[in-house]
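This report refers to the structure that appears directly beneath it.
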Amino acid sequence: MGGTKIFVLQMNDIIRWGLFALAGIVLLVALLFFLLPRGRGEAETNEELPRPTTQARYIPGVYAATIILNNEPVQVRVTVSENEILSIYMTDLAEISQIFFPLFEPRMRDLAEEILRYQSAYIDPTTDYPVTTSILQQAVIAALQLAYPQGD
0 MGGTKIFVLQ MNDIIRWGLF ALAGIVLLVA LLFFLLPRGR GEAETNEELP RPTTQARYIP
60 GVYAATIILN NEPVQVRVTV SENEILSIYM TDLAEISQIF FPLFEPRMRD LAEEILRYQS
120 AYIDPTTDYP VTTSILQQAV IAALQLAYPQ GD
C-alpha cells in the first residue's frame with residue numbers, strides 16, 4: 000500500500016515565500032493604480048474654476064499671459080472683439096521646449112477649439128492630461144482678465 004508521505008517545511012521557507020507573495024500583490028496593486036485611467040469627478044472640477052456671473056464684454060484687442068517652459072517664456076495670446084473670443088494661440092515656443100513638452104501645442108489647439116466653441120475659458124475640458132490643460136487654461140484666463148473693462 001502506499002505509505003504516508005510527510006512534507007517538512009522550515010520556518011525560513013515559509014517566511015521567504017510569504018514575502019514573495021506579498022511583494023507580488025503590492026506590485027500588482029501598484030501597476031493597476033498607475034495604469035488604469037482615473038477620471039476627475041464633476042463636483043471636483045466645478046469647484047476649481049470660478050464662473051462669471053454676467054455676459055462677458057471685452058475691450059477689443061490682443062492680450063497675452065506668459066508661462067515658463069524649460070526656463071523660456073512662452074506667451075499665450077488671446078484675441079477678442081467687444082463680445083467674443085476670436086482666437087487663442089501660443090507664441091515663442093522654442094524647439095527645445097517642443098521636445099521637452101510635446102503635449103503643449105496639441106493641447107493648446109484642442110483647448111482653444113473648446114473655448115472658442117463655448118466662448119468661455121471657464122469650461123471643464125475632458126482630457127487625459129489635466130496638468131497641461133490646467134496650465135494652459137489658467138494662462139488663457141489670465142489673458143482674458145486683462146480684456147475686461149476696469150469698472151467690472
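Going by numbering that gives the first Met the number 0, the residue at position 59 of the sequence shown is 58; the numbering climbs one at a time, nothing skipped. Think of the CB as a built atom: it goes at the ideal place given N, C-alpha and C, for glycine as much as any other residue.
Check	Outcome
Buried or exposed, going by whether 16 or more other CB atoms sit within 10 Å of the CB of T3?	exposed
In the structure shown, what three-state DSSP assignment does A63 receive?	strand
The alpha helix (DSSP H) that contains V139, what's its start and end?	P129 to A146
What number of angstroms, rounded off, separates the C-alpha of E78 from the C-alpha of A141?	The amino acid at residue 78 is misidentified as Glu; the sequence shows Thr. About 13 angstroms.
Under DSSP, the beta strand (DSSP E) around E71 begins and ends at which residues?	E71 to V79
For S86, which of helix, strand or coil comes out of DSSP?	strand
Using beta-carbon positions only, say whether L135 and Y62 come within less than 9 angstroms of one another.	no
Give a yes or no on whether the minimum CB-CB distance between P36 and chain C is below 9 angstroms.	The displayed structure is made up of one protein chain only, and chain C is not part of it.
Can you tell me which of L68, Q137, F6 and R15 puts its alpha carbon nearest to the alpha carbon of I95?	L68
Mapping the DSSP letters down to three states, classify L26 as helix, strand or coil.	helix
For L21, does the three-state DSSP call read helix, strand or coil?	helix
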